[in-house]
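What follows is a set of notes on a single structure, which appears directly below.
Numbering (my numbering), first residue to last: -14 to 298.
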């Protein structure tokens, strides 16, 4: 569920000081909200909703809202546990130093307890209120993000984003499972779009904040393999993303509007990746910003098509 976390990198000028000058104090409501990584949660909610809407059949609106809420809580729990474990490096990195724990606004044990309670509650309630399949997938997503990505991969391998990206790709599959109690090939295609999108998105970011990662020893690809290899990998994954994004149209569970939009935006994504590969000035920032718009738009069009088709069915 690392999806959208990096959007804060474009707003560093507004970040509060994180030197710990405020001293320890009792955490306030906004500190707990910050632990949930609301920008990450918003994209998780959106992609899970698209998965739910894209699934065949209809779902009781109350159950659908309950499912989305619990998926969001699970995403927030993952964010809290990530901030608890990464508090040491968050305090050093400019991009994350203003978070509640390194800034001295909350103790790590509070974040750990908060994250654990939300994790258990979201999974159990999703299983009881909706179905076991979606609950198991949510539990797997939390485990993958916190244990596999945060605790194991992030500080050990430059492929952390590639493998760990699976956590951010699960929400549409969970939404689909909430509506159907199954995992289908269509939902796995939605998973694949986000999974292949993630490396180009995050590596574009890492090109212009690599000093942050270098200070804390996180082996992001530019630091380990060099910028030239990173730029080549960005182009490769952009091409793969543009290709798989057309598959829903080819499979018939997305319409012609989606097909046209996915092709057009895919061409723009690849063109920007080519600029990054050619080392055009600030192309990495442009690709990073556009990649967010790209993912949001193709998922929004897919959901919009499904909603309209059901209205006129």
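Glycine included, each C-beta is placed from N, C-alpha and C at the ideal position. Keep in mind the model is a prediction, meaning the values are calculated, not measured.
I think residue 254 touches residue 285, with their Cβ atoms under 8 angstroms apart; what is that distance to the nearest whole Å? 16 angstroms between Cβ atoms; not a contact.
Going by beta-carbon coordinates alone, are residue 209 and residue 157 separated by less than 8 angstroms? Not a contact, by the Cβ cut-off of 8 angstroms.
By how many angstroms is the C-alpha of residue 81 removed from the C-alpha of residue 20? Each residue's alpha carbon lies about 12 angstroms from the other.
Would you say residue 163 and residue 119 are within 8 angstroms of each other, going by their C-beta atoms? In contact: residue 163 and residue 119 (Cβ atoms closer than 8 angstroms).
Whole-Å CB distance - residue 56 paired with residue 159, under 8 angstroms assumed: In this structure, residue 56 and residue 159 form a Cβ contact; the two beta carbons are roughly 6 angstroms apart against a cut-off of 8 angstroms.
Residues near residue 257 in its chain [Cβ-Cβ closer than 7 angstroms; skip 5 each side]: Taken in chain order, the residues that qualify are 268, 271, 272, 275.
Compare the Cα-Cα distances from residue 14 to each of 104, 204, 96 and report the closest residue. Taking each of 104, 204, 96 in turn and checking the Cα distance to residue 14, the smallest one comes out for 96.
As a quick exercise: from 189, 222, 169, 223, pick the residue whose alpha carbon is nearest that of residue 207. For the residues 189, 222, 169, 223, the minimum Cα distance to residue 207 belongs to 189.
Can you have a look at residue 223 and say buried or exposed, based on whether 16 or more other CB atoms are within 10 angstroms of its CB? Of the other Cβ atoms in all chains shown, 16 or more fall within 10 Å of the Cβ of residue 223; this residue is therefore buried.
Determine the closest residue to residue 40 out of 168, 213, 297, 264, with distance taken between C-alpha atoms. A check of alpha carbon separations from residue 40 across 168, 213, 297, 264 identifies 168 as the nearest.
Assuming the contact rule is C-beta atoms closer than 8 angstroms, residue 59 and residue 108 should be a hit. Round their C-beta distance to whole Å, please. Yes, residue 59 and residue 108 are in contact; Cβ-Cβ is about 7 angstroms, under 8 angstroms.
I need the straight-line Cα distance from residue 174 to residue 234, nearest angstrom please. Separation of residue 174 and residue 234 (C-alpha to C-alpha, rounded to the nearest whole angstrom) is 11 angstroms.
When you compare the CB positions of residue 103 and residue 153, do they come within less than 8 angstroms of one another, or not? Remark: C-beta atoms of residue 103 and residue 153 do not approach each other more closely than 8 angstroms.
Between residue 171 and the rest of its own chain, which residues show a CB-CB distance below 6 angstroms, the 5 nearest in sequence each way excluded? 238, listed in sequence order.
Residue range of the alpha helix (DSSP H) that residue 166 falls in? Segment: none, residue 166 is in no alpha helix (DSSP H) and carries neither H nor E.
Enclosing alpha helix (DSSP H) for residue 260 [first to last residue]: 241 to 262 is the extent of the alpha helix (DSSP H) around residue 260.
Can you tell me where the alpha helix (DSSP H) holding residue 301 begins and where it ends? This structure gives no information on residue 301, because the portion of the chain shown stretches from -14 to 298.
For residue 12 and residue 140, believed in contact at Cβ under 8 angstroms, the rounded distance: That belief does not hold up - the Cβ atoms of residue 140 and residue 12 are roughly 26 angstroms apart, past 8 angstroms.
So for residue 297, helix, strand or coil by DSSP? Of the three classes helix, strand and coil, the one that applies to residue 297 here is coil, per DSSP.
Three-way DSSP call (helix, strand, coil) for residue 148 in this model: Helix.
To the nearest angstrom, report how far apart residue 232 and residue 17 are at their CA atoms. Taken atom to atom, the span from the alpha-carbon of residue 232 to that of residue 17 is near 39 angstroms.
Identify which residue in 92, 290, 74, 22 has its Cα closest to the Cα of residue 204. Comparing C-alpha distances from residue 204 to each of 92, 290, 74, 22 shows the shortest one belongs to 74.
Span of the alpha helix (DSSP H) around residue 69: In the DSSP assignment, residue 69 falls within the alpha helix (DSSP H) that extends over 46 to 70.
I'd like to check one pair, residue 70 with residue 136: are the Cβ atoms closer than 8 angstroms? Cβ distance < 8 angstroms, so residue 136 and residue 70 count as in contact.
Confirm, please, whether the CB-CB distance from residue 155 to residue 122 is below 8 angstroms. Yes, the Cβ-Cβ distance between residue 122 and residue 155 is below 8 angstroms.
Boundaries of the alpha helix (DSSP H) in which residue 212 is found, first to last residue: Per DSSP, residue 212 belongs to the alpha helix (DSSP H) from 212 to 229.
Nearest candidate by alpha-carbon position, reference residue 92, set 130, 66, 287, 292: The candidate whose alpha carbon is nearest that of residue 92 is 66.
From this set, 244, 37, 79, which residue's C-alpha is nearest residue 198's C-alpha? Relative to residue 198, the option among 244, 37, 79 whose CA is nearest is 79.
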